[in-house]
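Numbering (this note's numbering), first residue to last: 1 to 297. The structure under discussion appears below in the form of structure tokens.
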């Protein structure tokens, strides 16, 4: 058991593993479990290893473009834009990370939320009053969302930093053809990070639900990652046009409106509604499963 879990378990368990009387002060700390969960997520070496791998994406892209500058690489047009303005590294890195790298890391974190506690035998301690099962599920989901936000912000910040080091920085030409200064583009880059974080909310909810179905974290992680890949494959089949708007990955790359002048939030709103639907459905399924589950570990 990790230190945050040990501290929380100590507060809620007496001798012999039996529930202890919770002091009044314990009832006045509604955010104690959330703080413990965030500390648990971000103290893991696995989390830092995944964040480090994501940080390498913009670095590798920038270095590769820098080394091939002057040649005709035949790649996508936005790779060539990097040589003119290093700020495009962040946008390029997000675009490259969304199909595989982000879903992979998010699937690992979300799939471990409940199953990880079950495999370590800590759920029964965490569920002792005043921690109810609904609160437990909500806190686990918030922890997964916090990782999504940290991962996307890291890609954007590292991309901007490496882009500034290796390439010139100046006014950015948007998709609409107008130019904005670097600070205005920085605000749009943050919106891009929020859009990508929003895009991962549905997948996080699916991973949370999968995590309640098993006590083997690897199984929940694998199921979540496979579903992310399957959704993207189905989204590419023209025979399934009727299904595409309902796939949680359908709006993942729809952030082009944020790079126009003026900014249009149509795709942002559509993505929010889509992800909210998955959060509600799979969040309810996760709670329903966990609320009726016999906790023996």
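Backbone N, C-alpha and C fix where the C-beta goes; we use that ideal spot for every residue, glycine too.
Looking at the DSSP output, residue 179 bridges to 173. Pairing residue 195 with residue 255 gives a Cβ-Cβ distance under 8 Å. With contacts defined as CB atoms closer than 8 Å, residue 169 and residue 87 qualify as a contacting pair. Under the 10 Å beta carbon count, residue 177 is surrounded by fewer than 16 other beta carbons and is classified as exposed.
Our two residues, residue 186 and residue 38, have alpha carbons roughly 27 Å apart in a direct line.
Collapsing the DSSP output to three states places residue 99 in coil. If you look at residue 50, you'll find it in the alpha helix (DSSP H) that goes 45-67. Of the other Cβ atoms in all chains shown, fewer than 16 fall within 10 Å of the Cβ of residue 100; this residue is therefore exposed.
The beta carbon of residue 109 sits closer than 6 Å to the beta carbons of 144 and 147 from its chain, once the five residues preceding and following it are set aside; these are given in chain order. Excluding the 5 residues flanking it on each side, residue 235 has same chain C-beta neighbours closer than 8 Å at 244, 247, 249 and 250, in chain order.
The alpha-carbon of residue 290 is positioned some 14 Å away from that of residue 116. Excluding its 5 nearest sequence neighbours in each direction, residue 207 has C-beta neighbours in its own chain below 6 Å: 107, 110, 111 and 224, listed in chain order.
By the Cβ-count criterion, residue 232 is buried, with 16 or more other Cβ atoms from all chains shown falling within 10 Å of its own Cβ.
Residues of the same chain with a CB within less than 6 Å of the CB of residue 205, apart from the 5 flanking positions on each side, are 278, 279, 282 and 283 in chain order. Residue 257 counts as buried, since at least 16 other C-beta atoms from the protein chains shown sit within 10 angstroms of its C-beta. When the Cα atoms are used, residue 221 and residue 230 turn out to be separated by approximately 14 Å.
Here the region 88-96 lies against the region 147-163, with 3 or more beta-carbon pairs under 8 Å apart.
With a cutoff of 8 Å on beta-carbon distance, residue 54 and residue 105 are scored as near each other.
Residue 62 holds the alpha-carbon nearest to the alpha-carbon of residue 167 among 274, 62 and 137. Residue environment for residue 217: buried (at least 16 other C-beta atoms within 10 angstroms of its C-beta).
At a Cβ-Cβ threshold of 8 Å, residue 213 and residue 272 do not count as neighbours. The beta-carbon distance between residue 171 and residue 165, rounded to whole angstroms, is 19 Å. This is too long to meet the 8 Å contact definition.
By the C-beta density criterion, residue 202 is buried, having at least 16 other C-beta atoms within 10 angstroms.
With respect to residue 135, residue 33 sits close: the two C-beta atoms are nearer than 8 Å. As the crow flies, the alpha-carbon of residue 51 is around 12 Å from that of residue 58. Per the C-alpha coordinates, the member of 174, 292 and 259 positioned closest to residue 192 is 259. Sixteen is the threshold: since fewer than 16 other Cβ atoms of the shown chains lie within 10 Å of the Cβ of residue 238, the residue is exposed.
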